[in-house]
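Asker: Structure below; questions to follow.
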Amino acid sequence: MNRATAPAIHLGNLRKRFRTTQALDGVSLDIQPGEFFGLLGPNGAGKTTLISILAGLARADTGEAAIMGYDVVRDYRHARRALGVVPQELVYDPFFNVRETLRIQSGYFGLKHNDGWIDEIMHHLDLTPHADKNTQNLSGGMKRRLLVAQALVHKPPVIVLDEPTAGVDVDLRRSLWEFISRLNREGHTVLLTTHYLEEAEALCGRIAMLKSGRVVALDATRNLLQLTNEHCAQLRLDTETVPLEWQGRLLRDAEGCWRVNFSDYEELETLLAGLRAAGARVLELHLREPDLEDVFTDIMKRT
Amino acid sequence: MNLPPSTPHRDASPSTGEQRLGQPGATLARGVSALFYKELLRFWKVVVQTVVAPVVTALLYLLIFSHVLEAHVQVYPGVSYTSFLVPGLVMMSMLQNAFSNSSSSLIQSKMQGNIVFVLLPPLSYLEFFLAYLGAAVIRGLIVGLGVWAVTLWYVPFQLPHPLWMLAYALLACAIMGAIGIVAGIWAEKYDQLAAFQNFLILPLTFLSGVFYSIHSLPPFWQAVSRGNPVFYLIDGFRYAFVGQSDTDPGLGLLVAGACFVAISALTLVLLKSGYKLRH
């Protein structure tokens, strides 16, 4: 593979089985340098297994995986130096403080005098005031920031974030995405897995969806959003009854409003005309455009 | 989601980072030394538990056994029981602490999940082995020196064969450090490691002539003792201090060397295969 033109991440027909579970079942995927790529899927879809194989924490049964053109098994030293992984679990080493943790992590990658960059990462992740704190005394959010800092300590061109915002507060989420987005704009490739689909929709240029170890959707985010034309209207009426022909389609929600899904606006016109004819007045009307969650739900149902 | 505007960033481009990292070969030693340093720092941060406590324990053994047996037992002609006992206690402390260092570090890292910090970087299985082994040897030697230092209050300094002492000390710590790596990799829970320690390491060290000469045993148990590699480590180490031993110290060194090669080979095979570390 020509490394100058190699994808940032290459997965070729990757398969991995854990006893009775086929975690990955022939996943092929190329992520180009500089992409902000989303990997979505329900629990057990194979996302973490895929990341583990990239990171060398697991070995594929068959297939190939490469980072910046370096095979993760044959050329593991180059591959791992090109990769920064933020693991899903909130792990830390309770023997060390924040600065020691980052210095040690730098050392593993062969970087001895890395304090300038360590200071900068700590600054951007608001870790500086906690630099001398033992890691076990950090809050959950701070521990998560430290994990991100550890993944970035060797300035990897490819960054993998495995559900980095699970269970963290809004402030951290926002500051984390500010920092990661900036790194992405500066050329770092980002692979993100998350259950927060609005994050993926806002951040990722391309998205792959995994289900039962297979890629069931792979496209630019904007193209995926066009896959479903299911709009939703929420109506508040001045009456408790709706025309007979709409009783199957109109569903009452917890707020006492009526919800209806429709694929083109003519249907909505027909509904409003029917309501008017039945003597019902529309007090409120809200329209919601389809989002990634709708697309995701739709694809997971269909596949 | 509103994302912030881009701001200039000092020396953060991926290409710059790549250039800075250079060729892996140039930085391998740093990777090993970082892991080695981390392991040293780890036990040094709890020095009371990892160094002071074993020294105190050994001192208590010395006080009790020398008080009870000094006037009744003379194992070698011209050698007091306390002089006989001290090298055994020093070696036993080194063996147990070298084992504890690598095994407890690995099991804790596995249980807490932070082993991932060591598995993600570009360290080879050999570097992993050398770093953990090196730290285990250092802790073993520090504890051994500590025990020896406090026993100097009770036994006058004597070391007729310092090179034998050094060779045996290094080999013993290395053997137990490597066994500790195997145990730490194999064990999935703390009680499995405790079983390894209580049912294998402790009997091997206690039944190896720390407190007695195997010549005082019936022939059958003498033969059994000769099958225990730890016996050779203690016997040879004691030779360095008192100039007398139950077996030829050269033979003991060969046995210890063979044990080290065998256990190292096993450890390296496990690490290379990723056994219980990489799935």
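Respectively, the protein sequence lines represent chains A and L. According to our numbering, the first sequence holds residues 56 to 358 in order. According to our numbering, the second sequence holds residues 33 to 311 in order. Glycine included, every Cβ here is placed at the ideal spot set by N, Cα and C.
Determine whether the Cβ of A:Ala110 lies closer than 7 Å to any Cβ atom of chain L.
Answerer: A:Ala110 counts as touching chain L.
Asker: Could one say the Cβ of L:Gly145 lies closer than 7 Å to chain A's Cβ atoms, at least one of them?
Answerer: With 7 Å as the cut-off, L:Gly145 counts as an interface residue toward chain A.
Asker: In this structure, how does DSSP classify L:Gly54 when only helix, strand and coil are distinguished?
Answerer: Interpretation of L:Gly54 is limited by its pLDDT of 41, a score under 50 that renders its predicted location unreliable; the figure taken from the coordinates is listed afterwards. Three-state DSSP puts L:Gly54 in coil, outside helix and strand.
Asker: Starting from the beta carbon of L:Val148, find every residue of chain A whose beta carbon is closer than 9 Å, and list them in chain order.
Answerer: Result: Ala110, Leu112, Val140, Pro142, Glu144 and Val146.
Asker: What does A:Tyr320 reach in chain L if we use C-beta pairs closer than 9 Å?
Answerer: Neighbours of A:Tyr320 on chain L: none; closest Cβ ~28 Å, over 9 Å.
Asker: Go to A:Trp313, then tell me how far its alpha helix (DSSP H) extends in each direction, as first and last residue.
Answerer: First-last for A:Trp313: Trp313 to Phe317, but that is the beta strand (DSSP E), not the alpha helix (DSSP H).
Asker: Is the distance from the Cβ of A:Gly162 to the Cβ of L:Ala66 below 7 Å?
Answerer: Yes. Within cutoff.
Asker: To be precise: take each residue of the stretch 299-317 of chain A, compare its Cβ to all Cβ atoms of chain L, and keep it if any distance is under 7 Å. Which residues remain?
Answerer: Against chain L - using a Cβ distance shorter than 7 Å - the stretch 299-317 of chain A contributes no residues.
Asker: Going along the chain, which unbroken runs of the alpha helix (DSSP H) with 4 or more residues stay wholly within the stretch 251-339 of chain A?
Answerer: List check, alpha helix (DSSP H) in window: 252-258, 276-280 and 320-332.
Asker: Beta-carbon of L:Lys77 versus every beta-carbon of chain A: anything under 7 Å?
Answerer: Output row for L:Lys77: interface = yes.
Asker: Please identify, using Cβ separations under 7 Å, the residues of the stretch 153-177 of chain L that lie next to chain A, in order along the chain.
Answerer: Cβ contacts with chain A come from Pro153, Pro154 and Leu155.
Asker: Chain L partners of A:Ile106, CB-CB under 8 Å?
Answerer: Chain L residues near A:Ile106: none, gap ~11 Å exceeds 8 Å.
Asker: So is A:Pro184 buried or exposed if we call it buried at 16+ other beta carbons inside 10 Å?
Answerer: Counting Cβ neighbours within 10 Å, A:Pro184 comes out exposed, since fewer than 16 surround it.
Asker: Buried or exposed, going by whether 16 or more other CB atoms sit within 10 Å of the CB of A:Tyr320?
Answerer: A:Tyr320 comes out exposed.
Asker: Out of L:Phe263, L:Trp218, L:Ile139 and L:Ser248, state which residue places its alpha-carbon closest to the alpha-carbon of L:Gln106.
Answerer: For L:Gln106, the nearest C-alpha among the options comes from L:Ser248.
Asker: Which of the three DSSP states is assigned to A:His178 in this structure?
Answerer: In this structure, A:His178 counts as helix in the three-state DSSP scheme.
Asker: Mind checking whether A:Leu247 and A:Gly89 have CB atoms under 7 Å apart?
Answerer: No.
Asker: At what residues does the beta strand (DSSP E) containing A:Thr244 begin and finish?
Answerer: Segment Thr244 to Thr248, the beta strand (DSSP E) holding A:Thr244.
Asker: Counting only Cβ pairs nearer than 8 Å, list the residues of chain A close to L:Ser65.
Answerer: Within chain A, the residues near L:Ser65 are Gly162.
Asker: Distance check for L:Gly178 and A:Asn239, CA to CA, integer angstroms please.
Answerer: Rounded to the nearest angstrom, the two C-alpha atoms are 53 Å apart.
Asker: For the stretch 158-228 of chain A, which segments carrying the alpha helix (DSSP H) assignment without a break, of at least 4 residues, lie completely within its bounds, in sequence order?
Answerer: Listed in chain order, they are 170-179 and 195-207.
Asker: According to the Cβ coordinates, are A:Val215 and A:Ile108 closer than 7 Å?
Answerer: No, they are not a contact pair.
Asker: In chain A, what lies closer than 7 Å to L:Gly212 by C-beta?
Answerer: Near L:Gly212 there are no residues of chain A at all, since even the closest Cβ is about 17 Å away, more than 7 Å.
Asker: Should the stretch 142-150 of chain A be called in touch with the stretch 216-227 of chain A, which here means at least 3 C-beta pairs below 8 Å?
Answerer: Touching, per the Cβ criterion.
Asker: Can you name the residues of chain L whose CB is closer than 8 Å to the CB of A:Phe150?
Answerer: The answer, in chain order, is Leu73, Arg74, Lys77 and Val78.
Asker: Leaving out the 5 sequence neighbours to the left and right, which residues in its chain are closer than 6 Å to A:Ala137 when beta-carbon positions are compared?
Answerer: So the qualifying residues of the chain are Ile122, Met123, Pro211, Pro212 and Val213.
Asker: Is the number of C-beta pairs between the stretch 229-247 of chain L and the stretch 111-122 of chain L that are closer than 8 Å three or more?
Answerer: Touching, yes.
Asker: Return the CA-CA distance between A:Lys171 and A:Leu252, expressed in angstroms with no decimal places.
Answerer: Note that residue 171 of chain A corresponds to Gly in the displayed sequence, not to Lys. Going from the Cα of A:Gly171 to the Cα of A:Leu252 covers about 35 Å.
Asker: Could you tell me whether the Cβ of A:Gly118 comes closer than 7 Å to any Cβ of chain L?
Answerer: Judged by the 7 Å Cβ criterion, A:Gly118 is not in contact with chain L.
Asker: With respect to the alpha helix (DSSP H) encompassing A:Asp85, which residues constitute its N-terminal and C-terminal limits?
Answerer: No alpha helix (DSSP H) contains A:Asp85, which is instead part of the beta strand (DSSP E) from Thr76 to Ile86.
Asker: Quick one: what's got a C-beta closer than 7 Å to L:Asp267's C-beta in the same chain, skipping five residues either side?
Answerer: Gly241, Ser277, Asp278, Thr279 and Gly284, listed in sequence order.
Asker: Would you tell me roughly how many angstroms separate the C-alpha atoms of A:Leu157 and L:Tyr108, rounded to the nearest one?
Answerer: Rounded to the nearest angstrom, the two C-alpha atoms are 55 Å apart.
Asker: Strictly under 7 Å for the Cβ-Cβ distance: is A:Lys167 near chain L by that measure?
Answerer: Yes, A:Lys167 counts as interfacial toward chain L.
Asker: For the stretch 116-145 of chain A, which segments carrying the beta strand (DSSP E) assignment without a break, of at least 3 residues, lie completely within its bounds, in sequence order?
Answerer: Runs of the beta strand (DSSP E) inside the stretch 116-145 of chain A: 117-122 and 138-141.
Asker: Name the residue from A:Gln302, A:Leu347, A:Arg269 and A:Phe317 whose alpha carbon lies nearest to the alpha carbon of A:Lys71.
Answerer: Ranking the options by Cα distance to A:Lys71, first place goes to A:Arg269.
Asker: Once you ignore the five residues that flank L:Ile295 on each side, which residues in its own chain have a CB closer than 8 Å to its CB?
Answerer: Cβ neighbours of L:Ile295 beyond the five flanking positions: Ile207, Ala210, Ile211 and Val214.
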